[in-house]
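This report refers to the structure that appears directly beneath it.
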Amino acid sequence: MMTKWTVAAGLAALALSPVAGAEPSDREVQEIMKRDFRPKGQAKMDRLEQDAVQRTCTATHDKPPAGLAKKLEADQLKTIVYPSGGLMGNWKEGGKIAWSGQGMQWNEDPKKPAGGGCYNCHEISPARTSAGTIGPSLTAFGKKRGNGPDMQKYVYGKIYNAKAYNLCSNMPRFGTTGSLTEQQIKDLTAYLLDASSPVNQ
Amino acid sequence: MRAITCGAVLAFAVAPAFAQSQFEKYQKMTAEGSPVELFELVGEDLWKKPQGPNNVSLEKCDLGKGPGVLKGAHAALPRYFKDVDQVMDTESRLLHCMMTLQGRSREEALKRPFGNADKPSEMEYLSAYVAGHSRGFKLSPGSAHPKEKESFELGKKLFYVRTGLWDFSCASCHGEEGKRIRMSELPVLSEPKATGPLIATWPAYRVSNSTFKTMQWRINNCFRQMRTPEPVFGSETVNAVNMFLTTTAKGATYRGPGTKR
C-alpha cells in the first residue's frame, strides 16, 4: 500500500516538525508511546505504527502543504477496492450501522460486526437529533447531490478511505482499516443516497 | 462543565438552545445530589488503614508538600519528584506510596485501578480524599524543573499525534470551538477557558458511569475510543497529557472533586 513516494513524503513531513528546547521530536514521541502502551484485546501494538498519512498530519497539525497532500491522497485513492456489482446496498441495514458506535475497541468482541459511529460526528436524519457536529451535516444528502453512479462511487470511496479526498480529515478509513465490510459500506452508501432512506425525507 | 457560548448555540443546526439549557439544569441537579463526599470519606479510611506487607498506612505519603501533607497537594500536581527523578500526578504518586511505604508490588497495587458502580477502586476513593484537600487552591502544576518542562512539551505534542486504527488525535475532537460529539459539547482542551473549569473539577463523580472517576481513567478512556492499545497507568505518556492539560488550566481555583455528565 505504501509507495516509495509516500515513505519519502512521510520523512519529509517529519523534517517539517519544529525542534525547540525541551520539545521531543516526532520520532521520540513515537518511541515513548510504543514504550508506554500495551496490547489489549483486539487492540494490538501495530495500531500505533504511523503510516505516511498519520505522520504527515501529525507533523503539520492537520494542515499539510497542498502538493504533498495531493500526492498522498492519490496514494490513498489506490487503496479503495470497489465491489464488482452495484454500490447501493440496503439502506435499512445502513441506518443501523450509521447509528452504532460499537466496534474495534479493546473491550469489545472482535467477532461482532462494528458500527460506523457516523452519528458521533454527523447530523444524518432529521428524525434523530442526537448527533454530533464534528463533521458536516449529511441530512438530505442524496436529495441534494443526486444518486447517480459518480455520486455512488464517491460516497462508497469516502467511507472506505476518507483520506483519499481530504488527507487530514477527522474521519476514519473504514474500508482500508478493515473496520467495515464491503457489504456494510454498500449499506451505508444506500442509507445516504437511496430516495426512500430517512436521510432523504 | 464549561458554559456554552452564544456563538456556539447559533452554530448548532439541530440542538436548540432549549436542549442546552436542559443540560445545564441537569448538570446543576446532579452536582447538588452528588455522592462525592461519600467517596472522600471512604478514601480517608483507606488513607489511614495499614495495608501491604509492611502493614502501614499511607499517612506518611509525600505528595509533594512533605510527608503526610494533604493541604493543597493535589492542586500542585503533576510535579517533579526527586526521589524517582520523574514527573508524577496524584494517582502515580499514590501508587508510588503504596509500593514504597506499604511494600506492595506494582502488579498488586494496580490489579484494579478503575472500578465500577458496584465496586469502585481503592485508587478512586483515595484520589477523592486527596483531591478534596485542595478545594480553594489555585492549580499550580510544577513548571520550573527541566523534567516538568519536558513533560509539558511531550503532552503538547501528544495532543496532536494522529494515531490508532482510526487516525484520531486529541485535537480531532478537542481542537475546534463549538463542536459536539453526539449531544455532548466538546471542550477545546488546548484553551485555558475550557480546560480551567474541567481540571478544577477532576477527579469526579461521573453520572453516566454512576461512579467516581479519575484523570488517569479519563485519559485511558479517550485512548480506548481512539482505538489504540492501552496506555500504562501512570506512564510518562499519560502523565504528560495530564501535565499539558493542567498547565493549560493553571491558575484556575480547584473546586472538586466535581460531578460530571
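Chain order of the listed sequences is A and B. My numbering applies: residue 1 is where the first sequence begins, and numbers increase by one. My numbering applies: residue 1001 is where the second sequence begins, and numbers increase by one. Where is the CB? At the ideal position from N, CA and C, for every residue including glycine.
Check: Short Cβ contact (9 Å threshold) for residue 1244(B) with residue 1156(B); Outcome: yes
Check: CB contact below 9 Å: residue 1160(B) versus chain A; Outcome: yes
Check: Between the CA atoms of residue 1235(B) and residue 1185(B) - distance to the nearest angstrom; Outcome: 28 Å
Check: Under 8 Å by beta carbon: chain B residues contacting residue 119(A); Outcome: 1182
Check: Cβ-based neighbour list, residue 43(A), same chain, cut-off 8 Å, excluding 5 preceding and 5 following; Outcome: 104, 105, 106
Check: Nearest candidate by alpha-carbon position, reference residue 198(A), set 174(A), 58(A), 98(A); Outcome: 98(A)
Check: Three-state secondary structure assigned by DSSP to residue 134(A); Outcome: coil
Check: Residue 1010(B) - DSSP class collapsed to helix/strand/coil; Outcome: Here the model assigns residue 1010(B) a pLDDT of 35, short of 50, so the residue's position is not dependable, and the following value carries that caveat. If DSSP states are grouped into helix, strand and coil, residue 1010(B) belongs with the helices.
Check: CB contact below 9 Å: residue 133(A) versus chain B; Outcome: yes
Check: Integer-rounded CB distance, given that residue 1084(B) should sit under 8 Å from residue 1096(B); Outcome: 6 Å
Check: Alpha-carbon spacing of residue 1140(B) relative to residue 1165(B), whole angstroms; Outcome: 35 Å
Check: Enclosing beta strand (DSSP E) for residue 1084(B) [first to last residue]; Outcome: Element bounds for residue 1084(B): n/a, residue is neither H nor E.
Check: CB contact check: residue 1169(B) to chain A, cutoff 9 Å; Outcome: yes
Check: Those runs of the alpha helix (DSSP H) which lie wholly inside the segment 67–98 of chain A and span at least 4 residues; Outcome: 91–98
Check: Neighbour flag for residue 1003(B) against chain A, beta carbons, 9 Å; Outcome: Because residue 1003(B) carries a pLDDT of 41, less than 50, the predicted location of this residue cannot be relied on, and the following value inherits that uncertainty. With 9 Å as the cut-off, residue 1003(B) does not count as an interface residue toward chain A.
Check: Any chain B beta carbon closer than 9 Å to residue 64(A); Outcome: no
Check: Proximal chain A residues relative to residue 1232(B), where beta-carbon distance stays under 8 Å; Outcome: 36, 37, 38
Check: Under 8 Å from the C-beta of residue 1108(B): neighbouring residues of chain A; Outcome: Per Cβ cutoff of 8 Å: no residues; residue 1108(B) is ~17 Å from chain A at best.
Check: Where residue 173(A) meets chain B, residues with beta-carbon distance less than 7 Å; Outcome: 1167
Check: Cutoff 6 Å; reference residue 1260(B); Cβ partners in own chain excluding five residues on either side; Outcome: 1204, 1206
Check: Per-residue contacts from residue 1224(B) into chain A (C-beta, under 7 Å); Outcome: 105, 106, 107
Check: Chain-ordered chain B contacts of residue 81(A) [CB-CB under 9 Å]; Outcome: The contacting residues do not exist; residue 81(A) stays about 18 Å from chain B at best.
Check: Pick from 1246(B), 1057(B), 1076(B) that is closest to residue 1065(B), judged by C-alpha positions; Outcome: 1076(B)
Check: Residue 1206(B): first and last residue of the uninterrupted beta strand (DSSP E) it sits in; Outcome: 1204–1206
Check: Check whether residue 250(A) and residue 173(A) have beta carbons under 9 Å apart; Outcome: The requested residue 250(A) is not part of the displayed model; chain A covers only 1 to 201.
Check: Closest by C-alpha distance to residue 1072(B), when choosing among 1222(B), 1248(B), 1257(B), 1131(B); Outcome: 1131(B)
Check: Residue nearest to residue 70(A) in terms of C-alpha spacing, selected from 85(A), 53(A), 84(A), 58(A); Outcome: 53(A)
Check: Other residues of its chain near residue 127(A): CB distance less than 8 Å, five sequence neighbours each side excluded; Outcome: 198, 201
Check: Bridge partners - residue 1134(B), DSSP secondary structure assignment; Outcome: Bridge partners of residue 1134(B): none, in fact.
Check: Per-residue contacts from residue 54(A) into chain B (C-beta, under 7 Å); Outcome: 1162, 1163, 1167
Check: Residue 1258(B) vs residue 1201(B) beta-carbon contact at 9 Å; Outcome: yes
Check: Below-9 Å beta-carbon distance, residue 1211(B) vs any chain A residue; Outcome: no
Check: Straight-line gap, residue 1109(B) to residue 1122(B) (C-alpha atoms, nearest Å); Outcome: 9 Å
Check: Distance between residue 1059(B) and residue 136(A) (C-alpha atoms, nearest Å); Outcome: 53 Å
Check: Beta-carbon spacing of residue 58(A), residue 1161(B) below 9 Å; Outcome: yes
Check: Extent of the continuous alpha helix (DSSP H) to which residue 1039(B) belongs; Outcome: 1036–1048
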